[in-house]
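Residue numbers (our numbering): 23 to 515.
Using N, Cα and C, we set each Cβ at its ideal position, and we do this for glycine too.
Predicted model, so just to flag it, every value in this text is computed and none were measured.
First up is the structure itself, then whatever we jot down about it.
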Amino acid sequence: MNNINKPRFLSSVFLLTLITGLVYFNQPASAALFAQTQLLLSEYLGWFIILVANGFLIFTIYLTFTRYSEIRLGGANAVPAYTYTNWIAMLFSAGLGIGLLFYGVAEPIGNLNDYPEMIPGDLSYNAGKALSLTNLHWGLHGWAIYAALGLCFAFASYNNNKAFRVSSLLGTKVENNKILSASIDIIAILTTVIGIATSLGLGASQINGGLQYVFDIQINEFIIIVIITIIGLISVCLGLDVGIKRLSQMNMLIAICLLVLVLLLGPTVFILNAMVQNAGVYLNQLIQLSTWTEAYNSSVYQNGYTLFYFTWWFAWAPFVSLFIARISYGRTIKEFVIGVLVVPSLIVFIWMGVFGNAAIYLVLNGIGDISAAVSGNASTALFVLFDSLSFAKPLSIISLILIVTFFVTSSDSGALVASMLSSKKHIDISSDSPLISRITWAILLGVVAAVLLQAGGLGALQTAVVIFGLPFSVITIFACKELFRSFEKELDK
23 MNNINKPRFL SSVFLLTLIT GLVYFNQPAS AALFAQTQLL LSEYLGWFII
73 LVANGFLIFT IYLTFTRYSE IRLGGANAVP AYTYTNWIAM LFSAGLGIGL
123 LFYGVAEPIG NLNDYPEMIP GDLSYNAGKA LSLTNLHWGL HGWAIYAALG
173 LCFAFASYNN NKAFRVSSLL GTKVENNKIL SASIDIIAIL TTVIGIATSL
223 GLGASQINGG LQYVFDIQIN EFIIIVIITI IGLISVCLGL DVGIKRLSQM
273 NMLIAICLLV LVLLLGPTVF ILNAMVQNAG VYLNQLIQLS TWTEAYNSSV
323 YQNGYTLFYF TWWFAWAPFV SLFIARISYG RTIKEFVIGV LVVPSLIVFI
373 WMGVFGNAAI YLVLNGIGDI SAAVSGNAST ALFVLFDSLS FAKPLSIISL
423 ILIVTFFVTS SDSGALVASM LSSKKHIDIS SDSPLISRIT WAILLGVVAA
473 VLLQAGGLGA LQTAVVIFGL PFSVITIFAC KELFRSFEKE LDK
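This is the structure in structure tokens:
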């Protein structure tokens with residue numbers, strides 16, 4: 023209890039409780055307000071979101087070629103706290119998790135259905151474009167956001183001995199202004215909780231959809247969230263090295279098994295050929311796709327896809343970036359950027375390539391109607407794909423187990439991070455934040471996810487991410503500016 027910053031902790035809990043209560047008791051009005059706000063942000067600030075996302079990618083790549091690249095997080099003699107395997111496993115579980123399972127099939131098929139510049143009748147071109155867009159939304163740009171803010175957290179904490187708080191990243195003027203620094207940290211906590219709640223809502227929807235589709239069992243999504251939150255509380259109490267690390271290792275093993283099974287049971291040669299072709303298309307179209315703002319189209323594709331994904335990455339940034347920083351002690355700047363930017367992006371490209379191309383193969387060959395399944399209920403898309411493969415039910419069961427473990431990992435990782443953001447002082451590499459704080463945040467994460475789902479389903483979750491993620495992107499820009507100043511001071515020592 024002595025390490026809880028009461029103004030930050032109590033204010034964040036109060037505001038989240040207030041927002042959750044207002045949404046719950048005014049659901050129709052809340053849904054309308056969310057939707058209108060998202061449309062306004064997308065219409066007037068879409069260009070800004072695109073520029074900022076590209077800016078973070080350029081910034082992180084640039085760092086690997088500067089004289090700062092050999093600076094070590096924690097000092098010249100710092101030794102990494104985790105092996106590469108454990109490090110990557112925790113990066114994978116915290117940074118992606120449920121999203122890959124939910125969107126691995128739904129995203130490529132959704133792009134195929136909805137992207138306005140597809141060529142009618144040219145399925146080969148359209149399929150390549152659909153996977154390129156998927157890689158854009160899930161690859162380098164998102165991980166660059168995590169890498170940029172993660173470096174800010176790690177360097178401020180391990181090299182400058184500052185608390186794991188966003189206000190610590192913005193210089194002494196902000197830190198010394200108690201009201202401003204507390205306000206910034208509260209915004210970060212709210213953004214973290216809303217961002218994670220979105221993924222928890224996706225997980226609950228997919229678990230419910232999978233149980234209903236495969237076993238004809240329907241469970242209220244609120245009950246699913248309650249059960250997972252309770253399991254997450256157990257992991258939270260065990261701490262980082264026992265709870266989250268072990269779950270992350272389990273997630274990685276199950277995910278690899280599922281990936282290999284889909285590759286071998288699906289159209290293997292087609293998938294491998296397509297993945298090579300997708301890589302070329304993505305690299306060839308990267309600049310064009312990453313700067314496309316839909317200026318000459320009247321569709322709303324960007325609002326529901328690219329802008330949503332980029333702001334989702336922004337909303338997840340305080341959570342994932344702080345968690346990445348927490349586990350990256352002893353890494354050099356170059357090692358950090360390659361590990362956080364390149365390796366997870368490659369994992370994403372492989373995952374989306376296998377699952378996305380397996381689904382597109384069905385479309386190209388007229389097998390079933392997975393396009394209608396994605397349009398009708400995206401949460402069941404993965405299980406519709408399994409219907410076309412041998413051992414469909416075992417694959418579905420493995421997927422449901424993986425969704426649950428990812429669900430739990432996101433919950434307890436998010437609780438750990440929210441607790442660190444509301445702590446009073448610096449938390450070193452060997453310690454965890456206060457238990458009562460972690461338990462409180464784990465419960466609140468479940469409550470917020472349940473209420474937002476009730477208020478408007480996945481649409482409300484997506485809208486909340488855009489609203490909270492965009493302001494935090496501005497804070498991150500100033501944090502990166504301060505990081506450069508810190509690098510210069512480090513080299514001058």
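Residue i and residue j closer than 8 Å at C-beta
| i | j | result |
| --- | --- | --- |
| Ala169 | Ser270 | no |
| Tyr235 | Thr402 | yes |
| Ala501 | Ile349 | no |
| Ala471 | Ile276 | no |
| Val439 | Trp165 | no |
| Leu212 | Leu38 | yes |
| Ala437 | Phe175 | no |
| Ser343 | Gly172 | yes |
| Thr333 | Val488 | yes |
| Ser432 | Arg460 | no |
| Asn379 | Ala301 | no |
| Gly193 | Glu512 | no |
| Gly232 | Ser33 | no |
| Phe358 | Ile167 | no |
| Ile465 | Thr251 | yes |
| Gly150 | Val303 | yes |
| Asn181 | Gly97 | yes |
| Gly388 | Val406 | no |
Limits of the unbroken alpha helix (DSSP H) element including residue i
| i | result |
| --- | --- |
| Lys356 | 355-359 |
| Glu92 | Looking at the DSSP string, Glu92 is not in any alpha helix (DSSP H), and its letter there is neither H nor E. |
| Gln324 | 323-326 |
| Met297 | 290-312 |
| Tyr137 | Premise fails: Tyr137 is in no alpha helix (DSSP H) and is neither H nor E. |
| Pro29 | 28-47 |
| Glu197 | 194-198 |
| Ala395 | 392-398 |
| Phe405 | 403-408 |
| Lys415 | 414-443 |
| Tyr147 | 145-160 |
| Asn183 | Premise fails: Asn183 is in no alpha helix (DSSP H) and is neither H nor E. |
| Leu191 | Careful: Leu191 lies outside any alpha helix (DSSP H) and carries neither H nor E. |
| Ile382 | 365-386 |
Candidates the options: closest to residue i by CA position
| i | options | result |
| --- | --- | --- |
| Ile309 | Val45, Asn76, Leu37, Thr42 | Asn76 |
| Gln324 | Ala51, Leu62, Thr39, Ile141 | Leu62 |
| His163 | Cys174, Pro130, Thr328 | Thr328 |
| Leu305 | Pro138, Ile465, Leu158, Val101 | Leu158 |
| Tyr46 | Phe428, Val473, Trp334 | Val473 |
| Gly352 | Ser445, Ser179, Asn242 | Ser179 |
| Tyr331 | Leu285, Tyr84, Ser312 | Ser312 |
| Leu417 | Gly132, Ser154, Leu280, Leu171 | Leu280 |
| Tyr383 | Phe292, Val284, Ile83, Gly68 | Phe292 |
| Pro289 | Ile278, Val385, Ser343, Ser203 | Val385 |
| Ala381 | Ile369, Leu368, Ala395, Val370 | Ala395 |
| Phe70 | Phe494, Lys503, Leu505 | Phe494 |
| Phe490 | Phe81, Ser441, Thr59, Met140 | Thr59 |
| Tyr147 | Ile360, Ile241, Gln307, Ser410 | Gln307 |
| Phe509 | Leu67, Ile80, Arg94, Ser33 | Arg94 |
| Gly68 | Ile141, Glu316, Leu368 | Glu316 |
| Trp160 | Val370, Asn27, Gly375 | Val370 |
| Ile419 | Leu283, Trp373, Ile167 | Leu283 |
| Trp463 | Ser397, Arg187, Glu92, Val35 | Val35 |
| Ile245 | Ile256, Phe237, Gly225 | Gly225 |
| Ile209 | Trp338, Ser154, Ser64 | Trp338 |
| Phe506 | Phe56, Ala414, Thr82, Ser221 | Thr82 |
| Glu139 | Asn108, Ser320, Ser410, Val469 | Ser320 |
Presumed contact (8 Å Cβ cut-off) between residue i and residue j, rounded CB distance
| i | j | result |
| --- | --- | --- |
| Val430 | Ile253 | 5 Å |
| Gly223 | Phe377 | Contact doesn't hold; Cβ gap of about 21 Å is too wide. |
| Leu134 | Ala152 | 4 Å |
| Phe341 | Ile218 | 6 Å |
| Asp207 | Ser227 | Between Ser227 and Asp207 the Cβ distance is about 31 Å, and since that is not below 8 Å, they are no contact. |
| Arg30 | Ser444 | 5 Å |
| Asn7 | Leu424 | A question about residue 7 goes unanswered here, because the residues of the chain that appear run from 23 up to 515. |
| Leu475 | Glu243 | 6 Å |
| Ile131 | Ile392 | 6 Å |
| Ser412 | Leu294 | The pair is not a contact, with the Cβ atoms about 19 Å apart (cut-off 8 Å). |
| Ile355 | Leu85 | 6 Å |
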